[in-house]
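Accompanying notes for the structure given below.
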Amino acid sequence: GENVEQHPSTLSVQEGDSAVIKCTYSDSASNYFPWYKQELGKRPQLIIDIRSNVGEKKDQRIAVTLNKTAKHFSLHITETQPEDSAVYFCAASISAGNQFYFGTGTSLTVIP
Amino acid sequence: SQTIHQWPATLVQPVGSPLSLECTVEGTSNPNLYWYRQAAGRGLQLLFYSVGIGQISSEVPQNLSASRPQDRQFILSSKKLLLSDSGFYLCAWRPTGAGGYTFGSGTRLTVV
Numbered sequence: 003g004e005n006v007e008q009h010p011s012t013l014s015v016q017e018g019d020s021a022v023i024k025c026t027y028s029d030s031a032s033n034y035f036p037w038y039k040q041e042l043g044k045r046p047q048l049i050i051d052i053r054s055n056v057g058e059k060k061d062q063r064i065a066v067t068l069n070k071t072a073k074h075f076s077l078h079i080t081e082t083q084p085e086d087s088a089v090y091f092c093a094a095s096i097s098a099g100n101q102f103y104f105g106t107g108t109s110l111t112v113i114p
Numbered sequence: 085s086q087t088i089h090q091w092p093a094t095l096v097q098p099v100g101s102p103l104s105l106e107c108t109v110e111g112t113s114n115p116n117l118y119w120y121r122q123a124a125g126r127g128l129q130l131l132f133y134s135v136g137i138g139q140i141s142s143e144v145p146q147n148l149s150a151s152r153p154q155d156r157q158f159i160l161s162s163k164k165l166l167l168s169d170s171g172f173y174l175c176a177w178r179p180t181g182a183g184g185y186t187f188g189s190g191t192r193l194t195v196v
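Going down the list, the protein sequences come from chains A and B. Numbers 3 to 114, taken from the numbering used here, label the letters of the first sequence in order. Numbers 85 to 196, taken from the numbering used here, label the letters of the second sequence in order.
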């Protein structure tokens, strides 16, 4: 089955700096890659996703890049703010498949 | 619009007692439904998923079971809880064949 690895497990940045979280996947059939943000004690929420026919997608301060050849994808957050502090999970799946394979999460702390 | 309801929000149960967590989805039909567990500070572990009424797939052998008695209802059960069953239980749904998960608000279960 699919194996998703996520790094780093913890990340601290100064407010205003950029943060990058990286994930790799093993199954070349995976073609849908969502990112979730989970604030303490709350449910994970989808913040951005990318499909395998696209190399990059941006939504305001958040961007995701995908390298299909290398089987890795990354989340980029620019101009970080304290409210960006949360745990971020990457995932991989086949679009029509039945489940997502999640990374182990990255705890991001933005220091004011 | 689609909404997902999950209850109860918190639960404290003694070891050996039964468990029933319920999840319902509104505003959609024939969704894929999922149960995940998240131990404290850990990642998302898929427990069960269902692609239709009466169809349950188990990902991890354990003393939990799931049922889908109606199209938009998914139930997680146990006959006898263990201490290791403590965690944050999340129900999720996904439109068949597309898009990301939407998670319910979660149930924080503490087995004492």
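Every residue, glycine too, gets a C-beta built ideally from N, C-alpha and C. Small disclaimer: the values here were computed from a predicted structure and weren't measured.
Checklist entry - What residues in the stretch 88 to 119 of chain B bring their beta carbon closer than 8 Å to a beta carbon of chain A? => result N116, Y118
Next on the checklist: What would DSSP say about S168(B), mapped onto helix, strand or coil?
Outcome noted: Your numbering for residue 168(B) matches position 84 in the second sequence. Helix at S168(B).
Next on the checklist: Spatial neighbours of E81(A) within its chain, please: C-beta separation below 7 Å, excluding the five flanking residues on both sides.
Outcome noted: Start at 1 with the first residue of the first sequence, and residue 81(A) comes out as number 79. Only G18, R63 meet the Cβ criterion.
Checklist entry - Under 8 Å between C-beta atoms, does S227(B) make it to chain A? => result What the structure shows of chain B is the stretch from 85 to 196, and residue 227(B) is not part of that stretch, so it cannot be assessed.
Checklist entry - If you follow the beta strand (DSSP E) that D61(A) is part of, which residue opens it and which one closes it? => result Stepping through the first sequence from its first residue, residue 61(A) is reached at position 59. Its beta strand (DSSP E) spans residues 58 to 61.
Checklist entry - Quick one: what's got a C-beta closer than 7 Å to G100(B)'s C-beta in the same chain, skipping five residues either side? => result Taking the second sequence and counting its residues from 1, one reaches residue 100(B) at position 16. Answer for G100(B): K164, L165, listed in chain order.
Checklist entry - Exposed or buried, which one is R53(A) when buried takes at least 16 other CB atoms within 10 Å? => result Numbered from 1 along the first sequence, position 51 holds the residue referred to as residue 53(A). So R53(A) counts as exposed.
Next on the checklist: Taking the beta strand (DSSP E) that P153(B) belongs to, which residues open and close that run?
Outcome noted: Residue numbering aside, residue 153(B) sits at position 69 when the second sequence is read from its first letter. From DSSP, the beta strand (DSSP E) with P153(B) extends over 148 to 154.
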